[in-house]
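A short write-up of the structure that comes next.
In my numbering, the protein residues as written are 198 to 363.
Next comes the structure, spelled out in structure tokens:
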């Protein structure tokens, strides 16, 4: 964490086993809670890469309310990176016109609890054409501030898509 309590978390999702891309779209209707929807396929495995600048110590991680193991992949004086896996096995496809919420909660040593929620549309395994419509999601950046080492607020959320910022 910087001296002022600020740090950046970058979330990157890839479909396994071949690190396939994940897509997202801007919603045209105000009926959903968020303007951006991440598209995931049912019955699939996804790798979530989490990086911190400056480096932080990730103590625990839950995705969709389930505790998952986060493995540290890299660390230096400027950043660190972790990886975890999220399975959509057994998750039903989203009904037409509906979106689901996928919570991501992290406990960061010395900074506190960080939670964010992605708006998801789950597609049937045999519906890859719809799952791959939209912009290719590169990463989601969360500019964060630690409040008294107990709670982390997300000051800004930025979706990066193939050179486009939104």
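The beta carbon of each residue, even a glycine, is placed where N, CA and C say it ideally should be. In this text, all values refer to a predicted model and were calculated from it rather than measured experimentally.
Can you tell which of 311, 321 and 323 has the C-alpha that lies nearest to the C-alpha of residue 352? Comparing Cα positions, the closest option is 311.
Length at least 3, wholly inside the stretch 234 to 307: the beta strand (DSSP E) runs in chain order: Segments of the beta strand (DSSP E) lying fully in the stretch 234 to 307: 242 to 250, 255 to 260, 263 to 265, 268 to 272, 277 to 284 and 297 to 305.
If we ignore side chains and look at the alpha-carbon of each, how far apart do residue 209 and residue 265 end up? Distance from the CA atom of residue 209 to the CA atom of residue 265, rounded to whole angstroms, is 16 Å.
CB-CB under 7 Å to residue 230, same chain, minus the five flanking residues each way: which ones, in chain order? Here the set comprises 316.
Residue range of the beta strand (DSSP E) that includes residue 316: Under the DSSP assignment, residue 316 falls in the beta strand (DSSP E) whose first and last residues are 309 to 320.
Of all the options 328, 336 and 324, which has the alpha carbon lying nearest to the alpha carbon of residue 205? Looking from the CA of residue 205, the closest CA among 328, 336 and 324 belongs to 336.
Would the stretch 214 to 221 count as touching the stretch 323 to 332 if we require 3 or more Cβ pairs under 8 Å? The stretch 214 to 221 makes contact with the stretch 323 to 332: 3 or more CB pairs, one atom from each, lie closer than 8 Å.
8 Å Cβ cutoff met for residue 267 and residue 258: Against a cut-off of 8 Å, the Cβ pair of residue 258 and residue 267 comes out as a contact.
Could you check how far apart the C-beta atoms of residue 270 and residue 280 are, in whole angstroms? I think they sit under 8 Å. Correct: roughly 5 Å between the Cβ atoms.
Can residue 299 and residue 260 be called in contact, C-beta distance under 8 Å? Contact flag set, yes.
Cβ neighbour criterion (16 or more within 10 Å) applied to residue 344: Its Cβ having fewer than 16 others within 10 Å, residue 344 is exposed.
With distances taken from CA atoms, which of 237, 233 and 202 is nearest residue 325? Ranking the options by Cα distance to residue 325, first place goes to 237.
Cβ shell of residue 294 (< 6 Å), same chain only, five flanking positions each side left out: Result list for residue 294: empty, nothing under 6 Å.
To the nearest angstrom, report how far apart residue 213 and residue 291 are at their CA atoms. Rounded to whole angstroms, residue 213 to residue 291 spans 21 Å at the Cα level.
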